[in-house]
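S.K.:
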Amino acid sequence: DTGVSQNPRHKITKRGQNVTFRCDPISEHNRLYWYRQTLGQGPEFLTYFQNEAQLEKSRLLSDRFSAERPKGSFSTLEIQRTEQGDSAMYLCASSPPDGSRGNEQFFGPGTRLTVL
Amino acid sequence: AQSVAQPEDQVNVAEGNPLTVKCTYSVSGNPYLFWYVQYPNRGLQFLLKYITGDNLVKGSYGFEAEFNKSQTSFHLKKPSALVSDSALYFCAVRDRNYGQNFVFGPGTRLSVLP
Numbered sequence: 001d002t003g004v005s006q007n008p009r010h011k012i013t014k015r016g017q018n019v020t021f022r023c024d025p026i027s028e029h030n031r032l033y034w035y036r037q038t039l040g041q042g043p044e045f046l047t048y049f050q051n052e053a054q055l056e057k058s059r060l061l062s063d064r065f066s067a068e069r070p071k072g073s074f075s076t077l078e079i080q081r082t083e084q085g086d087s088a089m090y091l092c093a094s095s096p097p098d099g100s101r102g103n104e105q106f107f108g109p110g111t112r113l114t115v116l
Numbered sequence: 001a002q003s004v005a006q007p008e009d010q011v012n013v014a015e016g017n018p019l020t021v022k023c024t025y026s027v028s029g030n031p032y033l034f035w036y037v038q039y040p041n042r043g044l045q046f047l048l049k050y051i052t053g054d055n056l057v058k059g060s061y062g063f064e065a066e067f068n069k070s071q072t073s074f075h076l077k078k079p080s081a082l083v084s085d086s087a088l089y090f091c092a093v094r095d096r097n098y099g100q101n102f103v104f105g106p107g108t109r110l111s112v113l114p
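Going down the list, the protein sequences come from chains S and D.
Going by this note's numbering, the residue at position 93 of the first sequence is 93; the numbering climbs one at a time, nothing skipped.
Going by this note's numbering, the residue at position 47 of the second sequence is 47; the numbering climbs one at a time, nothing skipped.
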């Protein structure tokens with residue numbers, strides 16, 4: 001399967017702990033996005049990478065959240081000092097270079113985070 | 001600021017009947033518009049998009065959507081619904097002049113009854 005993969009699929013942690021999620025995009029895709037989705041809501045944009053550069057960050061992305069894409073391939077999203085309000089599905093998506101302007105995104109299955 | 005509204009939380013339709021899932025948007029510039037579908041325990045899947053050109057766009061699984069600039073709408077339609085179309089549908093918008101910040105609607109749950 002050459003789609004977007006995310007690991008782990010589920011993470012349960014205690015409040016105050018740090019967690020890190022990984023996203024592996026489709027190999028030829030240079031654009032990578034992180035979203036957060038809570039029950040009954042649509043995905044909320046968190047951040048965007050083009051190659052290794054983090055070009056956009058939402059105001060939702062507090063200073064406890066950090067994302068990296070060091071070599072322009074896989075990406076990690078770290079949450080420090082987790083809070084119960086961080087419990088959500090974290091989605092990663094990728095898309096190819098924007099040759100046609102407005103390429104669709106290909107989503108991974110998500111990582112479900114539960115903070116106890 | 002960009003926003004998307006999906007006025008119906010739930011749409012019920014009988015198998016074989018036409019379906020419509022509504023979406024309205026707000027952007028300051030010109031929009032890119034998308035529809036995605038989410039099946040239980042699966043990731044979001046792309047259905048179709050409007051970039052430019054014809055207002056009626058056709059996508060996967062027999063779905064289509066019509067871009068209406070004056071009404072700022074992008075309703076999803078299918079002439080004949082299948083039970084397997086039952087899922088959660090999301091409309092999304094990106095302002096062409098506002099970077100890569102995609103905004104998704106809250107979703108509409110479609111139930112197709114046999």
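We put the CB at the ideal spot given by N, CA and C, even for glycine.
What residue range is occupied by the uninterrupted beta strand (DSSP E) comprising residue 38 of chain D?
M.R.: The residue you call residue 38 of chain D lines up with position 38 of the second sequence. Counting along the chain, the beta strand (DSSP E) containing residue 38 of chain D begins and ends at 31-38.
S.K.: Residues of chain S with CB closer than 9 angstroms to the CB of residue 58 of chain D, please, in chain order.
M.R.: By one-based count along the second sequence, residue 58 of chain D stands at place 58. Correct list: empty, because the minimum Cβ distance to chain S is about 14 angstroms.
S.K.: Looking at the structure shown, is residue 61 of chain D part of a helix, part of a strand, or coil, going by DSSP?
M.R.: What you label residue 61 of chain D is simply residue 61 of the second sequence in a count that begins at 1. Correct three-state label for residue 61 of chain D: helix.
S.K.: Measuring CA to CA, which of D:1, D:87, D:19 is closest to residue 78 of chain D?
M.R.: Taking the second sequence and counting its residues from 1, one reaches residue 78 of chain D at position 78. The shortest C-alpha separation from residue 78 of chain D is found at D:19.
S.K.: Got a sec: is the Cβ-Cβ distance from residue 52 of chain S to anything in chain D below 8 angstroms?
M.R.: Residue mapping note: residue 52 of chain S aligns to position 52 of the first sequence, counting from 1. So no, residue 52 of chain S is outside the interface.
S.K.: Tell me whether residue 84 of chain D sits in a helix, a strand or coil according to DSSP, three-state version.
M.R.: The residue given as residue 84 of chain D occupies position 84 in the second sequence. Reduced to three states, the DSSP call for residue 84 of chain D is helix.
S.K.: Would you check if there are 3 or more beta carbon pairs closer than 8 angstroms linking the stretch 92-101 of chain D to the stretch 20-36 of chain D?
M.R.: Yes: the two stretches touch, three or more of their Cβ pairs being nearer than 8 angstroms.
S.K.: Secondary structure at residue 24 of chain S, three-state DSSP: helix, strand or coil?
M.R.: Against the first sequence, residue 24 of chain S aligns to sequence position 24. Here residue 24 of chain S sits in strand by DSSP.
S.K.: Would you decide whether residue 52 of chain D is buried or exposed? Buried here means 16 or more other CB atoms lie within 10 Å of its CB.
M.R.: Counted from its first residue, the second sequence places residue 52 of chain D at position 52. Under this definition residue 52 of chain D is an exposed residue.
S.K.: Which one of D:13, D:91, D:46 has the shortest CA to CA distance from residue 72 of chain D?
M.R.: Here residue 72 of chain D refers to the residue found at position 72 when the second sequence is read from its first residue. The candidate whose alpha carbon is nearest that of residue 72 of chain D is D:91.
S.K.: Quick one: grab the DSSP three-state call for residue 45 of chain D.
M.R.: Walking along the second sequence from the start, residue 45 of chain D turns up at place 45. Three-state DSSP puts residue 45 of chain D in a strand.
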